[in-house]
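In the numbering used here, the protein residues as written are 152 to 334.
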């Protein structure tokens, strides 16, 4: 007979509780670190990317620029974080900080492809038309279009499956009306 383990009590653990608004959290693959966008001690203004240990208040500022950074995403191997910098595109840096690498001059959302060898970005050609999802190969910065909405707002948030084989995304035909797609 198959036995189910006793239900363990649920433990709620705050990821971050700083003054002001913190952007959506991104947990590292091992679940020990969280990355998020936050304006720092000020309650308003441009956001930077911060990393902290889960269950600890030890905080490390990853970016420090006069423009906002957002949409942090951990690489599957946990070594790097990709993020969007307003008006400047998509960048990658070590989760420890240091040098940044621009991987796309544009893009409004970022996630990692399988095996930490590519990123997927939400973008559109010549800043016009509906948004689609593009893959950028990190070795060559070659850009491949994966999805393209026929009209409307276009493709929005997306996630890659853990095995790197499936892409789930939200497509908006009109503002407020969306469908979930899997390819």
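Note that the Cβ used here is the ideal one computed from N, Cα and C, for glycine as well. Source: prediction; values computed, not measured.
With 16 or more other Cβ atoms from the protein chains shown falling within 10 Å of its own Cβ, residue 300 counts as buried. Contact between residue 232 and residue 284 fails: their C-beta atoms lie close to 20 Å from each other, not under 8 Å. A residue is called buried when at least 16 other Cβ atoms come within 10 angstroms of its Cβ; residue 295 does not meet this threshold and is exposed.
Here the C-alpha atom of residue 174 lies approximately 30 Å from the C-alpha atom of residue 291. With fewer than 16 neighbouring CB atoms inside 10 Å of its own CB, residue 302 falls in the exposed class. Residue 283 sits in a strand when the DSSP states are folded into three classes. DSSP lists 318 as the beta-bridge partner residues of residue 311.
For residue 216, same chain residues with a beta-carbon under 8 Å away, outside a window of 5 residues either side, are 197, 199, 236 in chain order. Nearest neighbour of residue 272 by Cα position, chosen from 251, 221, 249, 314, turns out to be 221. Runs of the beta strand (DSSP E) lying entirely within the segment 166-250, each at least 3 residues long, are 184-189, 199-204, 210-212, 220-225, 231-236, 240-245 in chain order. For residue 286 against residue 269, the beta-carbon gap comes to about 5 Å, under 8 Å, which counts as contact. With respect to residue 304, residue 319 sits apart: the two C-beta atoms are not nearer than 8 Å. In this structure, DSSP gives residue 255 an extended state, which the three-state scheme calls strand.
When the alpha-carbon of residue 244 is set against those of 281, 313, 229, the nearest one is in 229.
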